[in-house]
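Numbering (numbering that gives the first Met the number 0), first residue to last: 0 to 184.
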Amino acid sequence: MPRVNYAQLSLFSFYEYFLLLSPGPGIVGKVAAMKSRLATMIKIPSYNLRSIAHISLMKFSRTEDDQAIIRQVAHAVTGFKDFRVQFDGAGIFHHGRTATLMLQPVNGDAISSLHGRISSTFSYRRGNLTPHITIARNVARDELLKVNLHDFDCHDSFCCDKVTILKKAVDAPHYEILQEVPFIP
């Protein structure tokens, strides 16, 4: 059996890529205020306060090839027209003993369709997407029972016209914006 030298550096660096939809500054500000308000009401993990409002589409790890990733996203959004994402209240996802407080779009079909296009472009097999903006995740279920969901209703919308690509080294603490890829009708 050949020996493996674990001290030898890899010739290839792996990076995490994160594809998402970014709402405008109005909704980002409203969600940040909701996070702060929730933190004064109940115990939530502190990382929730640092997360910027977004709708996740896909995360994956690869060797660094930024231009190929950008080209694949651009190919996936070609022919896709901009659309409005409308929010009409807050909801909860239950995950065993924890839960997520979130805003779920009323009209998630366009987001799901976009996710399907991108997934097939990357040959990514993932279950159905439930589009949402997270207010707080990994919150104890009994803590969320203390919250009136109507205090976190958001009756607002934003125009979705691009996919944002974030990138970070696997061991890095934060993502950086690699590219915003506009829809090309």
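Glycine included, each C-beta is placed from N, C-alpha and C at the ideal position.
These numbers come from a predicted model, not from an experiment.
By the CB criterion at 8 Å, H131 and M101 fall inside the cutoff. A straight-line Cα-Cα distance of about 37 Å links R61 and D87.
Rounded to the nearest angstrom, the Cβ distance from V180 to I69 is 6 Å, consistent with a contact under 8 Å.
Boundaries of the alpha helix (DSSP H) harbouring T39: P24 to M40, taken from the DSSP string. Within its own chain, the residues whose Cβ lies closer than 7 Å to the Cβ of Y174, once the five positions on either side in sequence are excluded, are F17, L165, K166 and K167, listed in chain order.
Straight-line measurement puts the Cα of A171 at about 26 Å from the Cα of A38. Non-local C-beta neighbours of F92 in its own chain, meaning closer than 8 Å and more than five positions away in sequence, comprise A98, T99, M101, T129 and H131, ordered along the chain. Under the DSSP assignment, S156 falls outside any alpha helix (DSSP H), being part of the beta strand (DSSP E) whose first and last residues are S156 to C159.
The closest CA to that of P184, considering only A73, D65 and G28, is found on A73. Apart from the 5 residues on each side of it in sequence, H114 sits with its Cβ closer than 6 Å to the Cβ of L56 and L128 in its chain, given in chain order.
If you draw a straight line from the Cα of P44 to the Cα of I134, it is about 11 Å long. Of the candidates M33, K34, E142 and G107, G107 places its Cα closest to the Cα of F157. Collapsing the DSSP output to three states places Y16 in a strand. Closest in alpha carbon position to R83, among D152, L20, Q178 and F13, is L20. When beta bridges are read from the DSSP output, A135 appears opposite L100.
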